[in-house]
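Trainee:
Residue numbers (the UniProt record's numbering): 1 to 70.
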């Protein structure tokens with residue numbers, strides 16, 4: 001069964017498959033990407049310092065559709 005983004009089976013617990021957008025066009029896309037990466041970061045051993053440039057894209061004004069580029 002599935003709980004909090006994990007697939008729990010008889011002998012294993014694994015994260016559910018993750019769909020990551022390849023094209024980042026606006027603030028909403030960046031927020032979704034950052035959320036997905038933050039969720040899997042502990043399992044992949046990614047330090048938050050490596051994601052700092054990505055998190056900086058969240059800064060600034062504008063609405064959900066304000067343009068962003070990687």
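Glycine is no exception: its CB is placed at the ideal position from the N, C-alpha and C atoms.
Counting along the chain, where does the beta strand (DSSP E) carrying residue 15 start and finish?
Mentor: The count along the chain shown starts at 1 and reaches residue 15 at position 15. It spans 13-15 - the beta strand (DSSP E) in which residue 15 sits, taken as one unbroken run.
Trainee: Going by Cα to Cα distance, which pick from 4, 33, 64, 60 is closest to residue 22?
Mentor: Along the chain shown, read from residue 1 onward, the residue named residue 22 stands at position 22. Comparing Cα-Cα distances from residue 22 to each of 4, 33, 64, 60, the minimum goes to 33.
Trainee: Specify the secondary structure class of residue 65 as computed by DSSP and reduced to three states.
Mentor: What you label residue 65 is simply residue 65 of the chain shown in a count that begins at 1. Three-state result, residue 65: coil.
Trainee: Name the DSSP beta bridge partners of residue 2, please?
Mentor: Residue numbering aside, residue 2 sits at position 2 when the chain shown is read from its first letter. Residue 2 is bridged to 7.
Trainee: How far does the alpha helix (DSSP H) with residue 41 in it extend, from its first residue to its last?
Mentor: Within the chain shown, the letter at position 41 stands for residue 41. Unbroken alpha helix (DSSP H) run through residue 41: 27-44.
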